[in-house]
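Visitor: Line by line, the protein sequences give chains A and B. Mapping the first sequence onto this note's numbering, position 71 (from 1) lands on 72, and the numbers just tick up by one. Mapping the second sequence onto this note's numbering, position 322 (from 1) lands on 919, and the numbers just tick up by one. Input: one structure, supplied below.
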Amino acid sequence: MSLAALISVLTGTVVDTEALLDSVLASLVAGIFVTVAASVAIFGFATAAEMQRNGRDLAALGAGILAGVATLAFAGAIALGIAVMIHG
Amino acid sequence: MDGDVVLVIVVATALVFDFTNGFHDTANVVATSISTHALSPRVAVGMAALLNFAGAFISIEVAATIASDVVDAAAITPTVIFAGLVGAISWNLITWYFGLPSSSSHALIGGVVGAVIAAVGTSAVEGAGILGKVLIPAIVAPVVAFVIGAIAIIIAYRICARLRPGPVTRGFRLGQIVSGGMLALAHGTNDAQKTMGVITLALIANGNLPSTGFHIPTWVIVASASAIALGTYTGGWRIIRTMGTRIIKMDSAQGFSAQGAGAAVILASSHFGFPLSTTQVIAGGVMGSGAGVRLSAVRWGVAGNIVAAWFLTLPAAAAIGAASYAFTSIFGDGAAGPLILSVLAIMLGLTLFARRIRQGQPVPTV
Numbered sequence: 002m003s004l005a006a007l008i009s010v011l012t013g014t015v016v017d018t019e020a021l022l023d024s025v026l027a028s029l030v031a032g033i034f035v036t037v038a039a040s041v042a043i044f045g046f047a048t049a050a051e052m053q054r055n056g057r058d059l060a061a062l063g064a065g066i067l068a069g070v071a072t073l074a075f076a077g078a079i080a081l082g083i084a085v086m087i088h089g
Numbered sequence: 598m599d600g601d602v603v604l605v606i607v608v609a610t611a612l613v614f615d616f617t618n619g620f621h622d623t624a625n626v627v628a629t630s631i632s633t634h635a636l637s638p639r640v641a642v643g644m645a646a647l648l649n650f651a652g653a654f655i656s657i658e659v660a661a662t663i664a665s666d667v668v669d670a671a672a673i674t675p676t677v678i679f680a681g682l683v684g685a686i687s688w689n690l691i692t693w694y695f696g697l698p699s700s701s702s703h704a705l706i707g708g709v710v711g712a713v714i715a716a717v718g719t720s721a722v723e724g725a726g727i728l729g730k731v732l733i734p735a736i737v738a739p740v741v742a743f744v745i746g747a748i749a750i751i752i753a754y755r756i757c758a759r760l761r762p763g764p765v766t767r768g769f770r771l772g773q774i775v776s777g778g779m780l781a782l783a784h785g786t787n788d789a790q791k792t793m794g795v796i797t798l799a800l801i802a803n804g805n806l807p808s809t810g811f812h813i814p815t816w817v818i819v820a821s822a823s824a825i826a827l828g829t830y831t832g833g834w835r836i837i838r839t840m841g842t843r844i845i846k847m848d849s850a851q852g853f854s855a856q857g858a859g860a861a862v863i864l865a866s867s868h869f870g871f872p873l874s875t876t877q878v879i880a881g882g883v884m885g886s887g888a889g890v891r892l893s894a895v896r897w898g899v900a901g902n903i904v905a906a907w908f909l910t911l912p913a914a915a916a917i918g919a920a921s922y923a924f925t926s927i928f929g930d931g932a933a934g935p936l937i938l939s940v941l942a943i944m945l946g947l948t949l950f951a952r953r954i955r956q957g958q959p960v961p962t963v
């Protein structure tokens with residue numbers, strides 16, 4: 002590689018640094034969002050089941066709603082991922 | 598007549614590359630699901646094969662063919678493509694032999710670059726393109742996947758810390774099936790297109806398709822989808838073992854974190870136009886999900902071997918691609934060179950495969 006090419010890397014003409022940073026940020030947000038959504042859904046379902054076993058129906062309902070919302074968020078992230086695959 | 602023979606050889610070699618790509622990269626999609634028992638091995642590779650096949654039909658925009666921005670398009674001839682493919686297939690088989698997950702995409706780029714250098718010299722190589730489109734994303738992507746995998750497993754463990762292990766394991770196993778499916782679909786979409794691009798390029802170079810305003814023939818799409826799916830179903834079990842059990846001993850939460858990190862990086866990068874290696878991203882995610890728990894959970898010796906293979910992929914595939922081109926040119930510009938090399942490569946490949954199979958049970962009995 003020539004010195005000019007190396008310099009152009011630093012000035013961002015070889016790599017679109019803005020797009021690269023956007024890509025890193027989007028990856029971070031998406032990766033963490035998906036994990037949080039799945040973890041909260043698991044937490045909600047497991048807690049709801051336990052509360053129901055203990056006869057605490059209201060708490061079970063709350064945990065169930067939390068699990069439902071988190072599952073929807075997880076499904077939404079998956080749908081967004083498929084849309085990205087199709088439309089680029 | 599000679600041109601048509603070379604074209605047939607190039608198409609067949611491209612499909613063999615596609616098969617090795619699926620075979621080699623099965624591990625990216627199924628290794629974590631198999632090692633955490635989210636899916637049985639046969640069900641995992643069956644699902645991955647089906648989704649790879651479907652993924653190949655999702656998008657057929659071959660706008661970014663494998664060689665664009667990396668080498669001068671005028672230097673691409675069917676023989677150069679053939680030699681590049683031989684370089685890529687050879688490196689895929691060598692890394693499979695040693696059970697190392699390496700990038701099939703980088704092998705293909707390396708093979709083509711090496712063949713172009715042998716054909717017309719270094720002037721046809723776009724150094725800035727290789728740096729911007731291949732090398733920098735190759736360094737950034739696994740690091741980002743590593744960081745996301747590490748953060749994700751910390752979050753997952755925190756949220757589920759007070760729960761009984763049974764429901765947590767079942768929940769994350771279910772999540773792994775979904776995230777693994779996403780990865781398989783994305784892999785089929787990205788990697789089958791490379792073969793479609795290579796075959797289309799050869800058809801254009803041979804005059805079978807116009808250079809502008811062409812449509813990819815349906816048989817090219819179906820053949821590419823079938824080859825990658827068949828390769829995936831065959832399964833590169835040695836790489837699956839490395840990725841699934843030799844880097845870290847993972848539980849279902851770690852498997853999900855690694856796959857989620859990988860899927861997020863691959864899809865975000867696709868959206869922003871950065872081509873990258875699914876293998877490197879998933880391996881980065883696996884290492885991150887281990888290091889997030891504790892640094893010593895990662896077998897750094899194995900990780901080091903894998904990273905060394907990544908660094909070697911481009912130059913090694915380029916060297917084999919260049920040697921392949923030099924060998925074929927001994928027999929002139931006709932079909933004799935590619936034909937003789939194909940026969941030799943098939944014999945060598947079969948010998949290697951038979952020897953490796955004899956050395957150990959290729960399919961895990963888990």
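All C-beta atoms in this analysis are idealised placements derived from N, C-alpha and C, irrespective of residue type, glycine included.
(1) Using the rule of at least 16 other Cβ atoms within 10 Å of the residue's Cβ for burial, across every protein chain shown, is Pro734(B) buried or exposed?
(2) So, with DSSP's three-state summary, where would you put Val668(B)?
(3) What is the rounded straight-line gap between the Cα of Trp897(B) and the Cα of Ile879(B)?
(4) On the DSSP letters alone, give me the boundaries of the alpha helix (DSSP H) that Phe964(B) sits inside.
(5) Leaving out five residues on either side along the sequence, give the residues of the same chain with a beta carbon under 8 Å from the beta carbon of Val940(B).
(6) Using Cβ-Cβ distances below 9 Å, what residues of the stretch 879-908 of chain B are close to chain A?
(7) Is it the case that the stretch 835-853 of chain B contacts the stretch 688-698 of chain B, given that we only count it when at least three CB pairs across the two stretches are under 8 Å?
(8) On the CB-based measure, 16 or more other CB atoms within 10 Å of its CB, does Trp816(B) come out buried or exposed?
(9) Per DSSP, Val965(B) is paired with what?
(10) Note down, in chain order, every chain A residue with its Cβ under 7 Å from the Cβ of Ala858(B).
(11) Taking Val717(B) as the reference, which of Ile673(B), Gly724(B), Leu690(B) and Lys730(B) has the closest Cα?
(12) Give the DSSP-derived three-state secondary structure of Thr662(B) in the structure shown.
(13) Does the contact criterion of 3 or more C-beta pairs under 8 Å hold for the stretch 647-657 of chain B versus the stretch 69-81 of chain A?
(14) Candidates Val627(B), Ile801(B), Ala783(B) and Leu911(B): which alpha carbon is nearest Ala860(B)'s?
(15) I'd like to know whether the C-beta of Val85(A) is nearer than 8 Å to at least one C-beta of chain B.
(16) Between the Cα of Val608(B) and the Cα atoms of Leu936(B), Val668(B), Arg761(B) and Leu892(B), which residue gives the shortest distance?
(17) Look at the alpha carbon of Ser632(B) and the alpha carbon of Ser24(A), and state the distance between them as a whole number of angstroms.
(18) Which residues of the stretch 15-26 of chain A have a Cβ closer than 9 Å to any Cβ of chain B? Give them in chain order.
(19) Contact criterion: CB-CB distance below 8 Å. Does Ala50(A) meet it with respect to chain B?
(20) Please go through the same chain and pick out, in chain order, the residues whose beta-carbon is closer than 7 Å to the beta-carbon of Thr910(B), but skip the five residues on each side of it.
(21) Decide if Ile845(B) is buried, meaning its Cβ has at least 16 other Cβ atoms within 10 Å, or exposed.
(22) May I ask whether a heavy atom of the ligand MN can be found less than 7 Å away from the beta carbon of Gly889(B)?
(23) Is it a yes or a no for the stretch 824-833 of chain B touching the stretch 50-65 of chain A, going by three-plus beta-carbon pairs under 8 Å?
(24) Work out the CA separation of Ala933(B) and Gly857(B) for me, nearest whole Å.
(25) So for Asp788(B), helix, strand or coil by DSSP?
(26) What separation, rounded to the nearest whole angstrom, lies between the Cα atoms of Asp615(B) and Asp17(A)?
(27) Classify Ile691(B): buried if its beta carbon has 16 or more other beta carbons within 10 angstroms, exposed otherwise.
(28) Count the other CB atoms within 10 Å of the CB of Leu864(B); is the residue buried (16 or more) or exposed (fewer)?
(29) Between the Cα of Ala920(B) and the Cα atoms of Leu604(B), Ala685(B) and Arg639(B), which residue gives the shortest distance?
(30) Kindly list, in the order they appear in chain A, the residues whose Cβ is closer than 8 Å to that of Ser854(B).
(31) Given a cut-off of 8 Å, decide if Ala915(B) and Gly711(B) are closer than it, judged by their beta-carbon atoms.
(32) For Ala80(A), is the classification buried or exposed, using 16 other Cβ atoms within 10 angstroms of its Cβ as the cut-off for buried?
(33) What does a CB cutoff of less than 6 Å around His931(B) pick up in its chain, not counting 5 residues either side in sequence?
(34) By the DSSP assignment, the alpha helix (DSSP H) with Met86(A) in it spans what residues?
(35) Comparing C-alpha positions only, which one of Val741(B), His634(B) and Ala781(B) sits nearest to Gly768(B)?
(36) Between the alpha carbons of Ala60(A) and Leu760(B), how many angstroms are there, rounded?
Guide: This is what the structure holds:
(1) Label assigned to Pro734(B): buried.
(2) Three-state result, Val668(B): strand.
(3) One Cα belongs to Trp897(B), the other to Ile879(B), and the distance between them is close to 16 Å.
(4) Residue 964(B) lies beyond the residue range present for chain B, which begins at 598 and ends at 963; the question has no answer from this structure.
(5) Here the set comprises nothing.
(6) Within the stretch 879-908 of chain B, the residues whose Cβ lies closer than 9 Å to any Cβ of chain A are, in chain order, Gly882.
(7) At 8 Å Cβ cutoff, the stretches touch.
(8) Trp816(B) is exposed by the Cβ-count criterion.
(9) An answer regarding residue 965(B) cannot be provided, because it is not within the stretch 598 to 963 covered by chain B.
(10) Those are Gly32, listed as they occur along chain A.
(11) With distances taken between Cα atoms, Val717(B) lies closest to Ile673(B).
(12) With a pLDDT of 47 at Thr662(B), under the threshold of 50, the predicted position of this residue should be treated as unreliable, though the coordinate-derived value follows. Looking at Thr662(B) - three-state DSSP - the assignment turns out to be coil, as it is neither helix nor strand.
(13) Flag = no, the stretch 647-657 of chain B and the stretch 69-81 of chain A do not touch.
(14) Here the closest residue by C-alpha is Ala783(B).
(15) Contact with chain B is found for Val85(A), since one of that chain's Cβ atoms lies less than 8 Å from the residue's Cβ.
(16) With distances taken between Cα atoms, Val608(B) lies closest to Leu936(B).
(17) Answer to the nearest angstrom: the Cα atoms are 30 Å apart.
(18) Against chain B - using a Cβ distance shorter than 9 Å - the residues of the stretch 15-26 of chain A are Val15, Val16, Asp17, Ala20, Leu21, Asp23, Ser24, Val25 and Leu26.
(19) Taking Cβ atoms only, chain B reaches closer than 8 Å to Ala50(A), which makes this a yes.
(20) Taking Thr910(B) as the centre and dropping the five residues before and after it, the same chain places the C-beta of Trp688, Ser699, Ser700, His703, Ala704 and Gly707 closer than 7 Å to its C-beta, in chain order.
(21) With at least 16 other beta carbons inside 10 angstroms of its own, Ile845(B) counts as buried.
(22) Questions concerning the ligand MN fall outside what the structure shown contains, since it holds no ligand whatsoever.
(23) Contact annotation: the stretch 824-833 of chain B does not touch the stretch 50-65 of chain A, with fewer than three C-beta pairs closer than 8 Å.
(24) One C-alpha to the other measures close to 48 Å.
(25) Asp788(B): helix per DSSP, three-state reduction.
(26) One C-alpha to the other measures close to 30 Å.
(27) Burial call: buried.
(28) With a 10 Å radius around the Cβ and a threshold of 16 neighbouring Cβ atoms, Leu864(B) comes out buried.
(29) That would be Ala685(B), whose Cα lies nearest to the Cα of Ala920(B).
(30) Simply Thr36.
(31) Their beta carbons are under 8 Å apart, which means Gly711(B) touches Ala915(B) by this criterion.
(32) Per the 10 Å Cβ criterion, exposed.
(33) Strictly speaking, residue 931(B) in this sequence is Gly, with His absent from that position. Contacts found: Asp599.
(34) Met86(A): member of the alpha helix (DSSP H) spanning Asp58 to His88, first to last residue.
(35) Residue His634(B) holds the alpha-carbon nearest to the alpha-carbon of Gly768(B) among Val741(B), His634(B) and Ala781(B).
(36) The C-alpha of Ala60(A) lies about 16 Å from the C-alpha of Leu760(B).
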